[in-house]
Amino acid sequence: MADVPRPRQPIKPGFFTVPDDPRATPNLLVTRCEDCGEVFYPRRAVCAKCMSRHTEEIEVGARGTLYSYTFVHLPLFGSTNMEHAEGYGVGQIDLPEGPRLQAPLAGKQAEFKVGQSVTGELDVLRADGGTDIVIIRFRPVAEAA
Amino acid sequence: MRDVAVLGVGMHPFGAFYSGKSNTEMSLVAGLAALDDAGLTFADVDAAYAGHIFATVMSGTRVMKEFGLTGIPVQRIENASATGSAAFREAYLAVSAGHYDVAMVLGFDKMTTMIQSGTAGTAPENMEDAILPAGFFAMWATRRMHERGTKVEHLARIAAKNFNNGALNPMAQRQAKERVTAERVLASGMVAWPLTKMMSCPIGDGAACAIIGPVELARKFNPGRPLVKIVASTLQSERYERGHIFQGPVVGPARMSVDSSQAVYEQAGVGPQDLDLVQVHDAFVIEELEYYELLGLCKPGEAEKYIEEGAFEIGGAKCAVSTDGGLIARGHPGGPTGLAQIWETTLQLRGEADKRQVRRKNGDLPHLGLCHMMGGGSVCVIHLLQRG
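Chains as they are written, first to last, in the working numbering: chain H, 1 to 145; chain Y, 1 to 388.
This is the structure in structure tokens:
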């Protein structure tokens, strides 16, 4: 029984994938404009750059570089996870495909640095019966020496 | 297009009153004060605009009924923090176009009730709503520190200035008993690094009102008083550029403040060097620092130097900024905030700002004031008020 992972559900559908394998990295659900090539997160029907309606829904890896960050000294709203009780990091992450997004960060403030590589992971916010409700957050990647 | 003037202003002091004061009570105080200041009664008002963020159905018309039932058009306007400013602009557009002569703009809100009920007016299932507004603005500060070498002491000095200005304003929510230092601001407890409690606006309640009309009416009703004209108005939303953040629209693109300020300078045929006083959306101090540059008060990269010199204090080398304490000390209930800026600028231009009165280097009263508000990072509203 211990080997069977608990089912996981995103707090809100339409933003990221929830892989069956808990060790797998989630993907972000983005839109790519078929006319001008601009990529958007989260998904949208009309291209914000050229107003084209010819857009396609694609997935990209949840990884990028940290544009800026903070550490909020209050519990994360709506979370019963003890790890969030003393506060949480928040970052602005630039994806290599272009979009900049904001999301909670895993780790302590001392680990955050502007320009740092980060990678996405799913984080349990609370349990809903037998299901874990998850959000996406980003964790600093240790730089190769 | 007719020339439009501020006929009267009034406020209920901002504060955290919780159940102690209702929106209606506070609105009556602010609205009647503005009518008295204008020398008018509600029978003279041709149209009313209510600015209220945390609204129930018909909240605008319901509050206006307390002043009288005269059949006038009443509308409620909402644009997050810029609600009062957006309502003021709608009234200005209607009066300048000649649709109405006297328009009353009333802003009111109770942030304390909103916080207690746990509804931020947004959907809690949205991930971005789990992140405090302080967090978004803190990231603006982190980036600035990375790019420009800004120190936390620079941020603290802005907060100290605004607390000390607020102590001279009877309408301000935070009334410091003694002079506030940068050290005290830094020691006030961390909200979202590097922003401390005293670098962030408080939660509060309040009401503010402005009554506007064609300049001829201002001259007729108050012939002995300096005329305060609305010489420019703009409201802009975001333009897309690479790096735009679509979730958690709290900060907004910096370019919006640049474009909006250039638009009002062009409308009025003035430049930032002509400003005597400026009010900005300083919900968090990093904003005020950035707006010094985005509004053209100094060149990019110079803000820190001028902060060290105290250039934006009342009597400083540059124009005075957040003369009434700003959102940091005067407070930021929501709907009335932009109208508190109009109240302050009007009193300053008339020479009625008492201990915090701004004067030019030659001792003259100020001539030109700018009022800037951001709404949810998604709109920027700017008005220019000019004496004469």
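Idealized CB from N, CA, C, for every residue including glycine. Treat the numbers as computed from the prediction; the structure is a model and nothing was measured.
TODO: Compute the Euclidean distance between the alpha carbons of glutamine 175/Y and glycine 331/Y, then round it to the nearest angstrom.
DONE: For this step, residue 175/Y is matched to residue 175 along the second sequence. For this step, residue 331/Y is matched to residue 331 along the second sequence. The alpha-carbon atoms of glutamine 175/Y and glycine 331/Y are separated by roughly 10 Å.
Open item on the list: Per the DSSP calculation, alanine 236/Y is bridged to which residue(s)?
Closed with: The residue given as residue 236/Y occupies position 236 in the second sequence. Before going on, a small fix: residue 236/Y reads as glutamine here, not alanine. Bridge partners of glutamine 236/Y: Cys380/Y.
Open item on the list: Using a Cβ-Cβ distance cut-off of 9 Å, determine whether proline 194/Y contacts chain H.
Closed with: What you label residue 194/Y is simply residue 194 of the second sequence in a count that begins at 1. Yes, proline 194/Y lies at the interface with chain H (some Cβ there is under 9 Å from its Cβ).
Task: chain H contacts made by the segment 229-245 of chain Y, where a contact means CB separation under 9 Å - done: Tyr240, Glu241, Arg242, Gly243, His244, Ile245
Task: alanine 141/Y to proline 96/H span [Cα, whole Å] - done: As a position in the second sequence, residue 141/Y is number 141, starting the count at 1. As a position in the first sequence, residue 96/H is number 96, starting the count at 1. Between alanine 141/Y and proline 96/H, the C-alpha separation is close to 24 Å.
Open item on the list: On a Cα-Cα basis, can you pick out the residue from Gly20/Y, Met26/Y, Arg2/Y, Ala5/Y that is closest to histidine 12/Y?
Closed with: Here residue 12/Y refers to the residue found at position 12 when the second sequence is read from its first residue. Measuring from the Cα of histidine 12/Y, the nearest candidate turns out to be Met26/Y.
Task: Min CB distance valine 152/Y to chain H below 9 Å - done: For the purposes of this step, residue 152/Y is identified with residue 152 of the second sequence, where counting begins at 1. Closer than 9 Å: no.
Open item on the list: Please classify tyrosine 18/Y as buried or exposed, where buried requires at least 16 other C-beta atoms within 10 Å of its C-beta.
Closed with: For the purposes of this step, residue 18/Y is taken as residue 18 along the second sequence, with counting starting at 1. Tyrosine 18/Y is exposed by the Cβ-count criterion.
Task: Alpha-carbon to alpha-carbon, phenylalanine 77/H and leucine 125/H - done: Locating residue 125/H in the first sequence gives position 125, where the first residue counts as 1. Locating residue 77/H in the first sequence gives position 77, where the first residue counts as 1. Computed Cα separation, rounded: 9 Å.
- [ ] Return no unless some Cβ of chain H is closer than 9 Å to the Cβ of alanine 138/Y.
- [x] Counting from one through the second sequence, the residue named residue 138/Y turns up at place 138. Chain H contact via Cβ: present.
Task: Neighbourhood of glutamine 341/Y by C-beta, 6 Å cutoff - its chain only, sequence neighbours within 5 removed - done: Start at 1 with the first residue of the second sequence, and residue 341/Y comes out as number 341. The residues are Gln279, Cys371.
TODO: Within 10 angstroms of the Cβ of glutamate 344/Y, are there 16 or more other Cβ atoms? Answer buried if so, exposed if not.
DONE: Taking the second sequence and counting its residues from 1, the one referred to as residue 344/Y is at position 344. Buried is the call here.
Task: Own chain partners of aspartate 46/Y with C-beta closer than 7 Å, once the 5 adjacent residues on each side are dropped - done: Counting from one through the second sequence, the residue named residue 46/Y turns up at place 46. Ile72, Tyr100, Asp101, Val102, Ala103.
- [ ] Give a yes or no on whether 9 Å exceeds the smallest Cβ distance from lysine 108/H to chain Y.
- [x] In the first sequence, the residue the question calls residue 108/H occupies position 108. Not closer than 9 Å to any Cβ of chain Y, the Cβ of lysine 108/H fails to qualify, so no.
- [ ] Quick one: list the residues of chain Y neighbouring glycine 98/H, beta-carbon separation under 9 Å, in chain order.
- [x] If you number the first sequence from 1, residue 98/H lands on position 98. In chain order: Arg242, Gly243.
Task: Where glycine 129/H falls, given that 16 or more other Cβ within 10 Å makes a residue buried - done: By one-based count along the first sequence, residue 129/H stands at place 129. Glycine 129/H comes out exposed.
TODO: Determine, using beta carbons only, whether valine 105/Y and valine 4/Y come nearer to each other than 9 Å.
DONE: Taking the first residue of the second sequence as 1, we reach residue 105/Y at position 105. Taking the first residue of the second sequence as 1, we reach residue 4/Y at position 4. Cβ distance not < 9 Å, so valine 105/Y and valine 4/Y don't count as in contact.
- [ ] Classify asparagine 162/Y as helix, strand or coil using the three-state DSSP reduction.
- [x] As a first step, residue 162/Y is located in the second sequence; it is residue number 162 there, counting from the start. Three-state DSSP puts asparagine 162/Y in a helix.
Open item on the list: Along the chain, where does the alpha helix (DSSP H) containing serine 260/Y start, and where does it finish?
Closed with: Position 260 of the second sequence, counted from the first residue, corresponds to residue 260/Y. Per DSSP, serine 260/Y belongs to the alpha helix (DSSP H) from 255-268.
TODO: Classify arginine 242/Y as buried or exposed, calling it buried when 16 or more other Cβ atoms lie within 10 Å of its own Cβ.
DONE: By one-based count along the second sequence, residue 242/Y stands at place 242. Exposed, because fewer than 16 other Cβ atoms sit within 10 Å of the Cβ of arginine 242/Y.
Open item on the list: Less than 9 Å between the C-beta atoms of alanine 50/Y and glycine 335/Y, yes or no?
Closed with: Position 50 of the second sequence holds residue 50/Y. Position 335 of the second sequence holds residue 335/Y. For alanine 50/Y and glycine 335/Y, yes; Cβs fall inside 9 Å.
- [ ] Let me know the alpha helix (DSSP H) ranges lying completely inside the segment 45-86 of chain H, each 4 residues or longer, listed in chain order.
- [x] none
TODO: Return the residue from the list Gln273/Y, Ala43/Y, Glu287/Y that minimises the CA-CA distance to threonine 70/Y.
DONE: Reading the second sequence from its first residue, position 70 is the one you call residue 70/Y. Taking only the C-alpha atoms, the option nearest threonine 70/Y is Ala43/Y.
Task: Cβ-based burial, arginine 53/H [other Cβ within 10 Å; buried from 16] - done: Taking the first sequence and counting its residues from 1, the one referred to as residue 53/H is at position 53. It counts as exposed.
Task: Contact check, valine 39/H vs valine 60/H, beta carbons under 9 Å - done: Walking along the first sequence from the start, residue 39/H turns up at place 39. Walking along the first sequence from the start, residue 60/H turns up at place 60. Cβ atoms of valine 39/H and valine 60/H: closer than 9 Å.
- [ ] Kindly indicate which residue of Arg360/Y, Glu309/Y, Arg387/Y has the alpha-carbon position closest to the one of glutamate 153/Y.
- [x] As a working note, residue 153/Y is residue 153 in the second sequence. The shortest C-alpha separation from glutamate 153/Y is found at Glu309/Y.
TODO: Look up alanine 48/Y in the DSSP assignment and say whether it is helix, strand or coil.
DONE: As a position in the second sequence, residue 48/Y is number 48, starting the count at 1. Alanine 48/Y falls in the strand class under three-state DSSP.
Open item on the list: Please classify serine 237/Y as buried or exposed, where buried requires at least 16 other C-beta atoms within 10 Å of its C-beta.
Closed with: Here residue 237/Y refers to the residue found at position 237 of the second sequence. Label assigned to serine 237/Y: exposed.
Open item on the list: Using 8 Å for Cβ pairs, my map puts tyrosine 67/H next to aspartate 94/H. What's the rounded Cβ distance?
Closed with: As a working note, residue 67/H is residue 67 in the first sequence. As a working note, residue 94/H is residue 94 in the first sequence. Their Cβ separation, rounded to whole angstroms, is 5 Å, which keeps tyrosine 67/H and aspartate 94/H in contact under 8 Å.
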